[in-house]
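Novice: In my numbering, the protein residues as written are 2 to 234.
1. Are residue 71 and residue 232 close, meaning C-beta to C-beta below 9 Å?
2. Taking only runs that begin and end inside the segment 85-160, name each unbroken alpha helix (DSSP H) of 4 or more residues, in chain order.
3. Are at least three pairs of beta-carbons, each pair with one atom in the segment 36-53 and one in the segment 197-207, less than 8 Å apart?
4. Is it buried or exposed, residue 222, if we count other Cβ atoms within 10 angstroms and call 16 or more buried?
5. Counting along the chain, where does the alpha helix (DSSP H) carrying residue 32 start and finish?
6. From residue 123 to residue 79, what does the alpha carbon distance come to, in whole angstroms?
7. To which residues of the same chain is residue 205 closer than 7 Å at the C-beta, ignoring the five residues directly before and after it?
8. Between residue 85 and residue 154, is the Cβ-Cβ spacing less than 9 Å?
9. If we require 4 or more residues per run, which alpha helix (DSSP H) segments fall completely within the segment 5-52?
10. Going along the chain, which residues of its own chain have a beta-carbon closer than 8 Å to the beta-carbon of residue 191, five neighbours each way excluded?
11. Please confirm whether residue 59 and residue 156 have their CB atoms less than 9 Å apart.
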């Protein structure tokens, strides 16, 4: 069995994009033009943070998509699936029903739910077809630790923080704080904060923090899936 999921392997390749920007900024920083090139160095580093946060978010979503595909392709019985999982595969239609008040509109949307969703809601046998990752992933963005924990909880995995902490030991809280800092810095940049920038050395450290977070998540979530759903590696 592979040590990590293919999703993590793909992430390590994509993080090379962040490395390209960081190395370019570092090269300018070491050059004779460093003093006059401050804005360019800052732009490259700010772009690195935004790209890094995006890659972390994409990794988590793709890990979920891989799990959805495995649940279907390996014919996992729905009796093994947590109740909240079913809510998230139908969340958009459920929320629509919750928002309407006129009886005829409630009836209209309920009929659509019965026609298209109830086939997925039976509690025995495998799912009758592929599970939409578009519906399941809705609402997940800005991958802070708590948001990743909540997202993985959609599968029924409610011991993520415990397992993550046990896996990293004394380094766990530092990694959690550093992940949140990456996302917070990205948000500040996206909202136009001109002071939200990092040095090439800080970007290098952020890259290592991102790899550690995603690698650890890959290990603990993969282990939980094998024990409770199916292997995703």
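Using N, Cα and C, we set each Cβ at its ideal position, and we do this for glycine too.
Specialist: This is what the structure holds:
1. Start at 1 with the first residue of the chain shown, and residue 71 comes out as number 70. Start at 1 with the first residue of the chain shown, and residue 232 comes out as number 231. A contact, by the Cβ cut-off of 9 Å.
2. 92-100, 104-117, 134-138, 146-154
3. yes
4. Indexing the chain shown from 1 puts residue 222 at position 221. Result: buried.
5. Within the chain shown, numbered from 1, the residue matching residue 32 stands at position 31. Where residue 32 is concerned, there is no enclosing alpha helix (DSSP H), given that its DSSP letter is neither H nor E.
6. Numbered from 1 along the chain shown, position 122 holds the residue referred to as residue 123. Numbered from 1 along the chain shown, position 78 holds the residue referred to as residue 79. About 7 Å.
7. As a working note, residue 205 is residue 204 in the chain shown. 23.
8. Residue 85 sits at position 84 when you count from the first residue of the chain shown. Residue 154 sits at position 153 when you count from the first residue of the chain shown. It is a contact, given that the beta carbons lie within the stated cut-off.
9. 7-31
10. Translated into the one-based positions of the chain shown, residue 191 becomes position 190. Taken in chain order, the residues that qualify are 51.
11. On the chain shown, position 58 is the one that residue 59 refers to. On the chain shown, position 155 is the one that residue 156 refers to. Against a cut-off of 9 Å, the Cβ pair of residue 156 and residue 59 comes out as no contact.
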